[in-house]
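Enquirer: For the record, in the sequence shown the residue sitting at position 11 is 14 according to the working numbering, with numbers rising by one throughout.
Glycine residues also receive a C-beta, built at the ideal position from the N, C-alpha and C atoms.
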Amino acid sequence: MPKVITIASQKGGVGKTTTASNLASGLALRGKQVVVVDLDPQGQVAITLGLSPEPGVFNLMVGGLLLNQVLRASGRPNLWLVPGDKRTGTAQIVLQAEGHSITQAVRESFIAPWNGQPDFVIFDTAPSVGGFQEAALAVADLVIIPAATDHLALFGVKGLVETLASLVKSGQWRGQALALPTFYDEVTRQSQLSLKSLITQLEQVHFPVLTPIHRATALREATAEGKAIFEYAPTSRAAQEYAALIWKVLEEV
Ligand SMILES: Nc1ncnc2c1ncn2[C@@H]1O[C@H](COP(=O)(O)OP(=O)(O)OP(=O)(O)O)[C@@H](O)[C@H]1O
Ligand SMILES: [Mg+2]
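1. Say whether the stretch 173 to 190 touches the stretch 141 to 159, bearing in mind that this needs 3 or more beta-carbon pairs closer than 8 angstroms, one atom from each stretch.
2. Are three or more beta carbon pairs between the stretch 216 to 225 and the stretch 169 to 179 nearer than 8 angstroms?
3. Three-state secondary structure (DSSP) at Ala49?
4. For Lys251, is the beta carbon positioned less than 6 angstroms from some heavy atom of ligand 2?
5. Considering only residues of the stretch 28 to 95, which uninterrupted alpha helix (DSSP H) runs meet the minimum length of 4 residues and lie entirely inside it, listed in chain order?
6. Between the C-alpha atoms of Val17 and Glu234, what's the straight-line distance to the nearest angstrom?
7. Give the list of continuous alpha helix (DSSP H) stretches no shorter than 4 residues that lie fully inside the stretch 97 to 158.
8. If you measure between the beta carbons of Leu30 and Phe123, is that distance less than 7 angstroms?
9. Going by DSSP, which residues form a beta bridge with His209?
10. Using the rule of at least 16 other Cβ atoms within 10 Å of the residue's Cβ for burial, across every protein chain shown, is Leu69 buried or exposed?
11. Please return the same chain residues whose Cβ sits closer than 6 angstroms to the Cβ of Val73, not counting the five positions on each side in sequence.
12. Mapping the DSSP letters down to three states, classify Lys6 as helix, strand or coil.
13. Thr185 by DSSP, collapsed to three states: which one?
14. My understanding is that Val37 touches Pro121, with C-beta atoms under 8 angstroms, so please give their C-beta distance in whole angstroms.
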């Protein structure tokens with residue numbers, strides 16, 4: 004069975020998709036076989052990898068296609084994508100209307116069919132609660148919660164920590180979770196304070212906080228060019244910081 008990593012936050016624009024695609028390409032560069040699944044109706048994962056959004060998730064979950072029919076090669080060794088688009092939202096509504104367990108549907112669609120390969124399935128999720136996002140948490144061995152330190156970082160993380168706690172309580176989840184500070188800029192007092200408060204508050208609930216990813220123009224440019232940071236600016240600080248995340252992930256799972 005592949006190891007499952009879910010990237011989630013209730014807050015928008017905190018670096019979820021950037022983290023999902025860079026983590027995926029970094030693991031692939033280290034020889035791991037990786038499939039990224041885009042559960043966000045915005046369909047941005049495809050774009051960050053230089054591909055086009057498609058109704059892959061919809062076609063697999065409710066359209067009767069098989070996993071190998073919706074799986075797309077990323078053009079890089081070891082890395083594949085199940086793309087999404089706005090019809091992902093329709094898939095969720097259809098499954099809910101038909102009374103299916105979304106968690107079971109996610110497991111059966113993206114995790115259960117594999118036999119030996121890949122090493123990792125990585126879910127990118129929408130900035131919301133419930134539905135596909137909660138299902139992707141329930142099936143995860145590791146949850147990474149990006150938290151933008153240019154805002155009140157804790158704000159976006161708190162709801163997720165509560166959702167995870169309730170999944171633990173109801174016996175639906177036994178994975179691990181890590182918060183990843185993003186958009187860090189030690190020059191600004193806001194960023195420093197935000198990081199400090201994130202660490203203090205999450206320590207109280209024994210929730211680890213990773214080394215921050217700095218705000219970096221190279222990351223924005225890489226996204227716009229459809230490239231991973233390891234392809235666009237391999238010697239940049241951003242590439243080093245994401246490489247450190249990959250080592251951490253390999254240690255944890
Ligand atoms: N550390 C960073 N420094 C600078 N820009 C970044 C950083 N991380 C992400 N970005 C840029 O910020 C924008 C939002 O990032 P991203 O799409 O990863 O966020 P998201 O949490 O997935 O957003 P959404 O909630 O809309 O799905 C993108 O243009 C991305 O390139
Ligand atoms: Mg996103």
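Expert: Considering the structure as presented:
1. yes
2. no
3. If you number the sequence shown from 1, residue 49 lands on position 46. Three-state result, Ala49: helix.
4. Counting from one through the sequence shown, the residue named residue 251 turns up at place 248. The answer is no for Lys251.
5. 47 to 51, 59 to 64 and 70 to 73
6. The count along the sequence shown starts at 1 and reaches residue 17 at position 14. The count along the sequence shown starts at 1 and reaches residue 234 at position 231. Rounded to the nearest angstrom, the two C-alpha atoms are 22 angstroms apart.
7. 105 to 113 and 134 to 141
8. In the sequence shown, counting from the first residue as 1, residue 30 sits at position 27. In the sequence shown, counting from the first residue as 1, residue 123 sits at position 120. Yes, they are a contact pair.
9. The residue you call residue 209 lines up with position 206 of the sequence shown. Answer is none; His209 lacks a bridge partner.
10. Here the question's residue 69 lines up with position 66 in the sequence shown. Classification for Leu69: exposed.
11. Taking the first residue of the sequence shown as position 1, residue 73 is located at position 70. Here the set comprises Gly59, Asn62, Leu63 and Val85.
12. Locating residue 6 in the sequence shown gives position 3, counting from the first residue. Lys6 falls in the strand class under three-state DSSP.
13. The sequence position of residue 185 within the sequence shown is 182, counting from 1. Three-state result, Thr185: strand.
14. Position 34 of the sequence shown, counting from 1, holds the residue named residue 37. Position 118 of the sequence shown, counting from 1, holds the residue named residue 121. With 8 angstroms as the limit, Val37 and Pro121 qualify as a contact, their Cβ atoms being about 6 angstroms apart.
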